[in-house]
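In the numbering used here, the protein residues as written are 1 to 537.
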């Protein structure tokens, strides 16, 4: 057998998701039949199929294509046969480079059966034009797909292809997410550990020690798909970045977040982070794994001091402690060369010089003592005198609450009526446009103005409904506080768990006598039975 006969005749097949819509004519099976028949009819030997199923022609990072090109560049291929030029690729510059430079350079004969292209017959004058139109087709298809995805995303439908760790598709409705019974408890535990003040590194170490499979290994074993940094030799290695992203992912509190990233064109696969104003968030679209209170608390921790101490524990006050005078956070100043008892907090506005505030210096140990004593007194009163505590908590701000509720209900009615009125106005405008009473340009101008007003009113209405909902929840919060007070009888020290259970916010005011060693700071503690909208009443 001659050296040329020992070389491979590469039969390359490719099918993308978009090509599948064209039916059986472009299927992998159909391509294989056409290519094998052509090779047999023309006496081309040593045939080998290279198949990329589900890959776009605009993307040349395809596994079978790359494997074939390694053989080409090694001088092991005599011919490459495709059904048509678009199977090789739809990016006209790179496809043209392959056909006119790369294949001739390695003495590879290129054949596109249906396009009548055979490099053995010389240059085809229409090959370059076909590559251009194949590229144009890919761009047009990408544009249509993007439009469909945009429409789905704007209506709150999940458009991402990756299922977050902890969830699985609903067997009855693939568009809907359900908590995965195997991994959802792990996600919930990760959130609870972080909320209790355990740092990300320590969380990763705990999961590794307990031999909990990492998300990428779990996905690979369950679906066979490779995601993330898959390392089979370390199945229990949890990456800190993965846990950090998990803790900030709103999908776990039941929300759908669309358009977090985007690409500039169909030829650039790199995802670019979108601006916040372009990201769309739809709340309560699926069953949450983590309650919203815990999720919000974790985000507050991220906004506060993130650096853990030498034991891997976070500042327990992160997200709770604020300056009572300027509203900025108080940051923990850890003593590096002195005893832990010297740890103290100072105002972030003073520290960064972003406000004209003062230091508000207070020792962590002193703050712990004040907060714990106050918490013990509050919970003991709620535990021993539940009826009296309920009456006191409900009475606190009752007049103001009733006034707020009455005003909110009145505003709600007015805004709802105006939104309905605008709907009728826009409908009448559309009828006037259809009948020719106003021009399309006039319609567009008026309609956009009314729609903008509607959008603003809907935002106001959502804020009012949220406020009314919080006021309705006040009784529920009080009862929950009493129930938790009966659970936590012994409180030997202040922990992140106690803060998360009972306290919403702590405000530290400057000493009335600045630099005094005897005059203390005024501390105001807001408990969880105070709803967000009423906590300052």
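Every residue gets a Cβ at the ideal spot worked out from N, C-alpha and C, and that includes glycine. A quick note: this is a predicted structure, and the numbers were derived from the prediction, not measured.
Exercise. Of the residues 54, 361, 109, which one's Cα is nearest the Cα of residue 121?
Worked result: Looking at the Cα atoms, 109 is the closest of the given residues.
For this session: Would you grab the beta carbon distance between residue 28 and residue 53 for me? Rounded to a whole angstrom, and I think it's under 8 Å.
Result: The pair is a contact, with the Cβ atoms about 6 Å apart (cut-off 8 Å).
Exercise. How about residue 491 and residue 321: are their beta carbons less than 8 Å apart?
Worked result: No; because the gap between Cβ atoms is not below 8 Å, this pair is not in contact.
For this session: Spell out the partners DSSP gives residue 330 in its beta bridges.
Result: Per DSSP, 347.
Problem set entry | the stretch 380 to 394 touching the stretch 475 to 483, judged by at least three CB pairs closer than 8 Å | With the cut-off at 8 Å, the stretch 380 to 394 and the stretch 475 to 483 touch.
Exercise. Do residue 457 and residue 419 have their CB atoms nearer than 8 Å?
Worked result: Yes, they are a contact pair.
Exercise. Taking buried to mean at least 16 other C-beta atoms within 10 Å of its own C-beta, is residue 92 buried or exposed?
Worked result: Result: buried.
Problem set entry | Proximity winner among 218, 272, 156, relative to residue 281 (alpha-carbon distances) | If we check each option's Cα against that of residue 281, 156 comes out closest.
Exercise. Once you ignore the five residues that flank residue 295 on each side, which residues in its own chain have a CB closer than 6 Å to its CB?
Worked result: 253.
Exercise. By how many angstroms is the C-alpha of residue 224 removed from the C-alpha of residue 347?
Worked result: The alpha-carbon of residue 347 is positioned some 51 Å away from that of residue 224.
For this session: Express the C-alpha separation of residue 285 and residue 421 in angstroms, rounding to a whole number.
Result: The straight-line gap from Cα to Cα measures roughly 29 Å.
Exercise. What is the rounded straight-line gap between the Cα of residue 71 and the Cα of residue 245?
Worked result: About 40 Å.
Exercise. What did DSSP end up calling residue 392 once you bin it into helix, strand or coil?
Worked result: If DSSP states are grouped into helix, strand and coil, residue 392 belongs with the helices.
For this session: Please determine, among 162, 183, 186, 182, the residue with the shortest C-alpha to C-alpha distance to residue 176.
Result: Closest by alpha carbon: 162.
Exercise. In three-state terms, what does DSSP make of residue 25?
Worked result: At residue 25, the pLDDT of 49 sits below 50, so the modelled position is not reliable; the number obtained from the coordinates is stated separately. Residue 25: helix per DSSP, three-state reduction.
For this session: For the stretch 435 to 484, list the alpha helix (DSSP H) runs that are entirely contained and at least 4 residues long, ordered along the chain.
Result: Those alpha helix (DSSP H) runs which fall completely within the stretch 435 to 484 and span 4+ residues are 440 to 472.
For this session: Please classify residue 99: does DSSP put it in a helix, a strand, or coil?
Result: DSSP places residue 99 within a helical segment (H, G or I) once states are collapsed to three.
Exercise. Taking all protein chains shown into account, do 16 or more other C-beta atoms lie within 10 angstroms of the C-beta of residue 428, making it buried, or fewer, making it exposed?
Worked result: Counting Cβ neighbours within 10 Å, residue 428 comes out exposed, since fewer than 16 surround it.
Exercise. Closest by CA to residue 316, which one among 358, 277, 371?
Worked result: Comparing C-alpha distances from residue 316 to each of 358, 277, 371 shows the shortest one belongs to 371.
Problem set entry | Three-state secondary structure assigned by DSSP to residue 259 | DSSP places residue 259 in the coil class of the three-state scheme, outside both helix and strand.
Problem set entry | Straight-line gap, residue 56 to residue 36 (C-alpha atoms, nearest Å) | The straight-line gap from Cα to Cα measures roughly 23 Å.
Problem set entry | Option nearest residue 415 by Cα separation, candidates 459, 394, 430, 426 | Checked all of 459, 394, 430, 426; the closest Cα to residue 415 is 459.
Problem set entry | residue 292 versus residue 368 - alpha carbon distance | Within the model, the alpha-carbon separation for residue 292 versus residue 368 is close to 26 Å.
Problem set entry | Range covered by the alpha helix (DSSP H) that runs through residue 382 | 364 to 384 is the extent of the alpha helix (DSSP H) around residue 382.
Exercise. Can you check whether the CB of residue 412 is closer than 8 Å to the CB of residue 461?
Worked result: It is a contact, given that the beta carbons lie within the stated cut-off.
Problem set entry | residue 241 to residue 218 span [Cα, whole Å] | Rounded to whole angstroms, residue 241 to residue 218 spans 17 Å at the Cα level.
Exercise. Mapping DSSP to helix, strand and coil, what is residue 523?
Worked result: In this structure, DSSP gives residue 523 an extended state, which the three-state scheme calls strand.
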